[in-house]
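Engineer: Let me give you the structure first, and then I'll get to my questions.
In our numbering, the protein residues as written are 25 to 343.
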């Protein structure tokens with residue numbers, strides 16, 4: 025290999041490294057990470073930053089075009105980047121053109137795309153969710169406890185032939201990740217009591233799963249009314265203890281399900297935002313069921329959640 029070939033090879037390796045870093049920035053952008061984090065990652069590429077490559081790979085990739093983040097978030101990221109780079113980097117037209125495009129875009133509800141790594145056992149995959157982070161309804165966005173719950177569920181085996189029912193499914197992060205990571209699962213039932221949330225769930229299922237996938241089911245479930253459950257169903261829930269007024273209905277629902285079929289059990293993950301509210305729930309459920317804490321010592325699939333949280337396993341005392 026002569027000197028010219030060696031230099032070209034080294035340049036190719038450098039470009040591949042930069043491309044990989046820009047792809048990672050694109051994943052941060054699609055996951056709606058804070059704008060300052062994205063600006064930090066871009067600034068770390070200086071002086072080797074390729075502005076055109078950044079825009080094309082991070083902000084104009086096929087997923088970003090089909091399922092863009094909310095307009096307000098896009099503007100925040102681009103303005104933060106331009107402000108950070110302007111003055112100590114010779115900016116071209118690419119970022120300003122992308123900013124102009126974002127400013128003229130219609131203000132639709134945005135999407136968030138999570139990248140899940142290969143530790144799941146089925147290879148890396150993406151889950152794209154329609155969210156509305158400013159919407160009054162609690163259900164139209166993903167909550168941190170969904171990620172904690174997934175850290176637990178994805179380590180419980182392949183779920184071959186198992187059925188899972190989720191209480192308060194939100195936009196469907198937990199269920200869609202499980203369905204993608206565990207192809208042998210028999211079914212995952214998403215539930216909520218709000219029509220708008222159920223409609224969004226159906227949209228997100230359509231975005232992420234093939235039309236012929238019958239494992240995903242959407243069901244109206246009012247905690248105050250209750251319902252019936254089949255044998256050997258795993259009941260799950262994330263961030264469903266947030267209002268003292270619904271604790272009685274939630275406890276009655278869970279204990280009712282476990283009483284109907286004592287082969288069932290529940291795994292509930294919660295961010296503890298109000299100690300009194302959570303303590304009331306925990307005491308009430310422990311009066312009727314066996315409750316054990318599940319420790320999450322490592323976060324394999326998502327960033328570590330720094331909030332105070334708990335994951336519990338609930339079983340019938342009759343089991």
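Even glycine gets a Cβ: it sits at the ideal position worked out from N, Cα and C.
What three-state label does DSSP hand residue 165 in the structure shown?
Structural biologist: Because residue 165 carries a pLDDT of 47, less than 50, the predicted location of this residue cannot be relied on, and no value is offered for it.
Engineer: With respect to the beta strand (DSSP E) encompassing residue 187, which residues constitute its N-terminal and C-terminal limits?
Structural biologist: Note, residue 187: beta strand (DSSP E), 187–191.
Engineer: Short check: CB of residue 208 to CB of residue 184, under 9 Å?
Structural biologist: The answer is yes: Cβ separation under 9 Å.
Engineer: Would the beta-carbon of residue 271 fall within 9 Å of that of residue 317?
Structural biologist: Cβ atoms of residue 271 and residue 317: not closer than 9 Å.
Engineer: Quick check for students: name the residue ranges of the beta strand (DSSP E) that lie wholly in the stretch 241–312, counting only runs of 3 or more.
Structural biologist: With a minimum length of 3 residues, the continuous beta strand (DSSP E) runs that stay inside the stretch 241–312 are 257–262 and 289–295.
Engineer: Applying the criterion that 16 or more other CB atoms from any shown protein chain within 10 Å of the CB defines a buried residue, is residue 70 buried or exposed?
Structural biologist: Counting Cβ neighbours within 10 Å, residue 70 comes out exposed, since fewer than 16 surround it.
Engineer: Could you tell me if residue 44 is buried or exposed, where buried requires 16 or more neighbouring beta carbons within 10 angstroms of its beta carbon?
Structural biologist: Flag for residue 44 reads exposed.
Engineer: Buried or exposed, going by whether 16 or more other CB atoms sit within 10 Å of the CB of residue 75?
Structural biologist: Result: buried.
Engineer: So what does DSSP say about residue 98, is it helix, strand or coil?
Structural biologist: The answer is helix: DSSP assigns residue 98 an H, G or I state.
Engineer: Kindly indicate which three-state DSSP category residue 336 falls into: helix, strand or coil?
Structural biologist: Strand at residue 336.
Engineer: Specify the secondary structure class of residue 238 as computed by DSSP and reduced to three states.
Structural biologist: Residue state, collapsed to three classes: coil.
Engineer: Cutting at 8 Å between CB atoms, please list the residues of its own chain near residue 67, excluding the five before and the five after it.
Structural biologist: Counting only Cβ-Cβ distances below 8 Å, and skipping sequence neighbours, we find 108 and 109.
Engineer: Cα separation between residue 229 and residue 341?
Structural biologist: Taking the straight line from one Cα to the other gives about 35 Å.
Engineer: Are the stretch 170–177 and the stretch 78–92 touching, with three or more C-beta to C-beta distances below 8 Å?
Structural biologist: Contact fails: fewer than three Cβ-Cβ distances are below 8 Å.
Engineer: List the DSSP bridge partners of residue 113.
Structural biologist: 110, per the DSSP bridge assignment.
Engineer: Out of 329, 314 and 315, which one is the CA nearest neighbour of residue 321?
Structural biologist: Measuring from the Cα of residue 321, the nearest candidate turns out to be 329.
Engineer: Would you mind working out which of 261, 73, 181 and 46 sits nearest residue 194, comparing C-alpha positions?
Structural biologist: Measuring from the Cα of residue 194, the nearest candidate turns out to be 261.
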